[in-house]
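Novice: One structure, pasted below without further comment.
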Amino acid sequence: MGITYEDFLDLDYEPTDDDLVCTFRIDPATGMSTEAAASRVASESSNGTWAALQTGADFTDMGATAFDIDGDLVRVAYPAGLFEPGNMPQVLSCIAGNIMGMKAVDTIRLLDCEWPEEIVSTYPGPLYGSSVREEIFGVTDRPITATVPKPKVGLSTAAHAQVGYDAWVGGVDLLKDDENLTDQAFNPFSDRLTESLSLRDDAEDETGETKSYLINVTADTRTMLDRVDEVAAQGGEYVMVDIITAGWAGLQTVRERTEKHGLAIHAHRAMHAAFDRLPAHGVSMRVLAQVSRLCGVDQLHTGTAGLGKLANEDTVGINDWLAGDLYGTADVLPVASGGLHPGLLPDLLDATGTNVCVQLGGGIHGHPDGTRAGAVALRSAIDAYVEGRSITEAAEETPELAVALDKWGTETPR
Numbered sequence: 454m455g456i457t458y459e460d461f462l463d464l465d466y467e468p469t470d471d472d473l474v475c476t477f478r479i480d481p482a483t484g485m486s487t488e489a490a491a492s493r494v495a496s497e498s499s500n501g502t503w504a505a506l507q508t509g510a511d512f513t514d515m516g517a518t519a520f521d522i523d524g525d526l527v528r529v530a531y532p533a534g535l536f537e538p539g540n541m542p543q544v545l546s547c548i549a550g551n552i553m554g555m556k557a558v559d560t561i562r563l564l565d566c567e568w569p570e571e572i573v574s575t576y577p578g579p580l581y582g583s584s585v586r587e588e589i590f591g592v593t594d595r596p597i598t599a600t601v602p603k604p605k606v607g608l609s610t611a612a613h614a615q616v617g618y619d620a621w622v623g624g625v626d627l628l629k630d631d632e633n634l635t636d637q638a639f640n641p642f643s644d645r646l647t648e649s650l651s652l653r654d655d656a657e658d659e660t661g662e663t664k665s666y667l668i669n670v671t672a673d674t675r676t677m678l679d680r681v682d683e684v685a686a687q688g689g690e691y692v693m694v695d696i697i698t699a700g701w702a703g704l705q706t707v708r709e710r711t712e713k714h715g716l717a718i719h720a721h722r723a724m725h726a727a728f729d730r731l732p733a734h735g736v737s738m739r740v741l742a743q744v745s746r747l748c749g750v751d752q753l754h755t756g757t758a759g760l761g762k763l764a765n766e767d768t769v770g771i772n773d774w775l776a777g778d779l780y781g782t783a784d785v786l787p788v789a790s791g792g793l794h795p796g797l798l799p800d801l802l803d804a805t806g807t808n809v810c811v812q813l814g815g816g817i818h819g820h821p822d823g824t825r826a827g828a829v830a831l832r833s834a835i836d837a838y839v840e841g842r843s844i845t846e847a848a849e850e851t852p853e854l855a856v857a858l859d860k861w862g863t864e865t866p867r
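Take 454 as the starting number for the sequence shown in my numbering and just add one per residue.
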């Protein structure tokens, strides 16, 4: 039996319930039809090659099928047996591997995936998902809040912990490390963990609210596991992982260890734009979010719905997917961050709803009266939104919010 490119194109094919169906946007190379390019994508991402093959009898057909072409959109069905159960790096090596560099296409973008239960069931999914709001903080009716100390790197351990304390007592729920901060000499990991959790305890005593810390454990996999164990031993509830730079294999290993300790995973998406920033090529943030949910993150940065300082894809659509049913897999709590300040909260929450985590950095610490006042302003804006009051009405009752609105207004910073 021979295999050629034509064997990977069948416009009459109907995907089975067990197929992984991927949607690509393809711009074929000059002189190449969309059909020809689609067949090559399906071939290269499964069991084909550039030369016709003679397979013989001892062969299981694991070929993908390009089955639907609509303009520049191509859908490809992959048999579930092509994928090793629970191995996300292997899956991505198929559906987003060599095809990204093929000469048969000028550009190709993996836009979306439809995950079958046979594949989803081999992944753990989140331990908590959005239930962290209630299970950790006892909150059901408002977004939880987070902040990164500013300057985001360079602060001493004592200064970092103090900023966390000031934010906590001002009303913020979570202190968060920057994605660049791990175990540098100016702020060592173990010292930062101990001092921050000590002041967390003080803030809980002062406010009567649960507070927590998103400490960045990102490193080589063995070190990440040691750090997860250390966080658990000291009474932390979360770890943070830079999931793109640490890699999916590292994340999967960390997810296994955090379940042992009952810890939640806060996923930072640093480097995602290397894959999703150019709209015609790469892997969409929607797919990265899907993979993150399967691998088991509880919170994930998904953008600010057109507000803030960073370019984003379809934040609301991604958030909806993360909240939707996936064969009983827990959902993921979206995190909105990047250039936010209290004046943007009404528009943000109108877009995202309140089942989110809202993270402000400069929008807290840049407050003219300091971190604590900035935290009070944020919490006042959120509480007013949940209560159905306008932000200007809340500002009349909270001087810290009035100062924030006077400084930033309701405009997006650049």
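Positions of the beta carbon are idealized from the N, C-alpha and C atoms, including for glycine.
Output yes or no for whether 7 Å exceeds the beta carbon distance between GLY814 and TRP861.
Specialist: No, Cβ-Cβ distance for GLY814 and TRP861 is not below 7 Å.
Novice: Name, in chain order, the residues that DSSP records as bridge partners for THR476.
Specialist: Note: THR476 sits in a beta bridge opposite ARG528 and ASP565.
Novice: Compute the Euclidean distance between the alpha carbons of ASP895 and ILE479, then round it to the nearest angstrom.
Specialist: Only positions 454 to 867 of the chain appear in this structure, which leaves residue 895 out of reach.
Novice: Closest to GLN812 by CA distance: which of ARG825, LEU793, GLY823 and ALA804 is it?
Specialist: The residue with the shortest Cα to Cα distance from GLN812 is LEU793.
Novice: Residue range of the alpha helix (DSSP H) that SER790 falls in?
Specialist: Where SER790 is concerned, there is no enclosing alpha helix (DSSP H), although the beta strand (DSSP E) it sits in stretches over 786-790.
Novice: Would you say LEU646 and ILE668 are within 7 Å of each other, going by their C-beta atoms?
Specialist: A contact, by the Cβ cut-off of 7 Å.
Novice: Which residues in the same chain as ALA495 place their Cβ atom closer than 8 Å to its Cβ, once the five residues preceding and following it in sequence are excluded?
Specialist: Cβ neighbours of ALA495 beyond the five flanking positions: PHE461, LEU462, GLY501, GLY516, ALA517, THR518, ALA519 and VAL529.
Novice: Straight-line CA distance for MET454 to PRO732?
Specialist: The predicted model places MET454 with a pLDDT of 46, which falls under 50 and marks its position as unreliable, so this point remains unresolved.
Novice: Indicate the three-state DSSP secondary structure (helix, strand or coil) for GLN752 in the structure shown.
Specialist: It is a strand residue.
Novice: Given 8 Å as the limit, is there contact between the region 777-786 and the region 694-710, that is, 3 or more CB pairs closer than that?
Specialist: In short, these stretches do not touch, since the Cβ pair count stays below three.
Novice: Measure the alpha-carbon distance for ASP822 versus GLU712 and round it to whole angstroms.
Specialist: Roughly 41 Å separates the two Cα atoms.
Novice: Quick one: grab the DSSP three-state call for GLY534.
Specialist: It is helical.
Novice: Determine the DSSP secondary structure at MET677, reduced to helix, strand or coil.
Specialist: If DSSP states are grouped into helix, strand and coil, MET677 belongs with the helices.
Novice: Should VAL616 be labelled buried (16 or more other beta-carbon atoms within 10 Å of its own) or exposed?
Specialist: When all chains shown are included, VAL616 counts as buried.
Novice: Roughly how far, in whole angstroms, is the beta-carbon of THR757 from the beta-carbon of PRO596, given that I think they are within contact range, below 8 Å?
Specialist: 13 Å between Cβ atoms; not a contact.
Novice: Cα-Cα, which of GLY661, MET541, ASP654 and VAL670 is closest to LYS629?
Specialist: For LYS629, the nearest C-alpha among the options comes from VAL670.
Novice: Buried or exposed: where does GLU632 fall if 16 or more other Cβ atoms within 10 Å of its Cβ makes it buried?
Specialist: Buried, by the Cβ-count rule.
Novice: Does DSSP put MET454 in a helix, a strand or coil?
Specialist: Since pLDDT at MET454 reaches only 46, below the 50 mark, its modelled position is unreliable, and the value read off the structure follows with that caveat. Here MET454 sits in coil by DSSP.
Novice: Cα separation between TRP701 and ARG739?
Specialist: Taking the straight line joining both Cα atoms gives about 16 Å.
Novice: Please go through the same chain and pick out, in chain order, the residues whose beta-carbon is closer than 7 Å to the beta-carbon of GLU648, but skip the five residues on each side of it.
Specialist: Result list for GLU648: THR610, ALA611 and ALA614, in chain order.
Novice: First and last residue of the alpha helix (DSSP H) that includes GLN615?
Specialist: Residues 610-623.
Novice: Would you kindly work out how many angstroms separate the C-alpha atoms of ALA533 and ARG722, rounded to a whole number?
Specialist: Distance between the alpha carbons of ALA533 and ARG722: 27 Å.
Novice: Do SER574 and LEU627 have their CB atoms nearer than 7 Å?
Specialist: In this structure, LEU627 does not lie closer than 7 Å to SER574 by Cβ.
Novice: Would you mind working out which of GLY582, THR676, VAL839 and TYR458 sits nearest GLY781, comparing C-alpha positions?
Specialist: Answer by Cα proximity: GLY582.
Novice: Does the Cβ of THR635 have 16 or more other Cβ atoms within 10 Å, making it buried, or fewer, making it exposed?
Specialist: Classification for THR635: buried.
Novice: If contacts are defined as beta-carbon pairs under 8 Å, then SER498 and CYS547 qualify, I think. What distance do you get, rounded to the angstrom?
Specialist: Contact flag correct, Cβ pair sits at about 5 Å.
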